[in-house]
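Under UniProt numbering, the sequence shown has 264 at position 264, and the numbering climbs by one with no breaks. Every residue, glycine too, gets a C-beta built ideally from N, C-alpha and C.
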Amino acid sequence: MAETAVRVRGLRKAYKDHVAVNGLDLDIRRGEIFGILGPNGAGKSTTVEILEGHRSRDGGEVEVLGEDPGRASRQWKSWIGIVWQNEVVSGELTVAETVRHYAQYFPDPRDLEEILHVVGLTEKAGARVTGLSGGQRRRVDVAVGVIGRPELLFLDEPTTGFDPAARRQFWDLIRSLADDGTTIVLTSHYLDEVEALADRLAVVVGGKVVAEGDPATLGGRASAQATVSWLAPEGPREYRTDTPTGVINDLAAHFRGEIPELTVSRPSLEDIYLGLIKEQETAA
Ligand SMILES: Nc1ncnc2c1ncn2[C@@H]1O[C@H](COP(=O)(O)OP(=O)(O)OP(=O)(O)O)[C@@H](O)[C@H]1O
């Protein structure tokens with residue numbers, strides 16, 4: 001089986017005269033969680049919809065699980081799972097009936113009880129979807145997205161509206177799906193979510209990938225200058241340095257032991273991300 005789940009070269013898409021995707025390249029490996037970040041209108045949804053086979057393209061090469069999504073087979077469609085940006089599941093059916101309904105479209109669906117357990121909805125199996133909270137409905141969306149045992153799962157803004165505890169549980173669910181070998185493409189505006197989940201990510205601005213890599217090292221993050229801050233008798237102090245250990249040693253000698261309110265920090269993913277966006281805006 002090929003190592004690459006998604007390969008995109010020079011993807012282009014315009015809506016009338018508005019260019020939404022402008023020569024985008026992407027490589028997503030099988031089994032990884034891949035994050036896609038970018039400001040509103042950057043072309044993320046358009047790109048993902050093309051990968052899912054739900055939107056045509058104007059140019060470029062796209063291969064998803066070995067096929068062109070624009071001409072993909074019925075079998076290919078059964079390998080893809082999608083959790084849309086907006087809730088799609090609603091109505092008078094119960095949770096179990098809803099998930100069972102979608103299961104019939106797939107050749108080898110997951111066990112209903114198992115999937116309800118995985119998404120934390122066992123106790124709500126008999127409840128009508130209309131009576132669920134927003135976060136619970138989102139879990140039904142996830143159950144529907146993965147019931148067909150997809151090899152590749154697209155998650156678009158999956159935790160919008162979740163409370164913090166529900167988000168953490170959801171992250172565990174996504175990790176467990178990835179541990180089972182599912183490739184996951186995650187689009188999110190929550191940088192902490194992408195940082196917690198993604199093995200690699202791409203930042204899309206103006207219809208192009210402007211940076212790509214491991215969230216921990218993106219944009220030279222790991223090797224960027226550290227900021228050492230502490231509380232001096234005159235007030236708070238801050239020092240940017242390439243050698244924080246040396247600075248801390250000097251401070252420890254100066255204070256003869258514990259350094260008051262010591263912190264050492266490097267740029268967050270958000271700092272790097274906002275810097276990239278600003279750079280692109282200035283260049284445009
Ligand atoms: N169906 C459409 N018809 C016309 N223009 C569209 C259509 N869909 C998207 N666009 C435009 O294409 C550009 C890219 O949109 P897209 O939805 O792909 O961005 P996005 O990165 O997903 O944004 P968001 O983070 O807000 O979801 C935007 O300027 C948008 O207004």
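Distance from the CA atom of D214 to the CA atom of I36, rounded to whole angstroms, is 12 Å. Secondary structure at R139: helix, using DSSP grouped into helix, strand and coil.
Excluding five sequence positions before and after T182, the CB atoms of its chain that fall closer than 7 Å to its own CB belong to P150, E151 and L153, given in chain order. Selection E92, A232 and E52 evaluated against G145 yields E52 as nearest (Cα-Cα).
For N249, the enclosing alpha helix (DSSP H) starts and ends at P244 to F255.
Residue pairing for K208: DSSP places it in a beta bridge opposite V205. For V118, the closest alpha carbon among the candidates Q104, I174, G66 and S73 is that of I174.
Of the residues assessed, L231 falls on the exposed side of the cut-off, its CB having fewer than 16 other CB atoms within 10 angstroms.
Rounded to whole angstroms, the gap between the alpha carbons of Y273 and G134 is 29 Å. For I80, the secondary structure class from DSSP, reduced to helix, strand or coil, is strand. By the beta-carbon neighbour count (other beta carbons within 10 angstroms, threshold 16), D242 is exposed.
Measuring C-alpha to C-alpha distances from A20 to each of D58, T4, I80 and G31 identifies D58 as the nearest.
Between V129 and T98, the beta carbon gap of about 6 Å places them in contact (Cβ cut-off 8 Å). Here DSSP, grouped into helix, strand and coil, assigns Y273 to helix.
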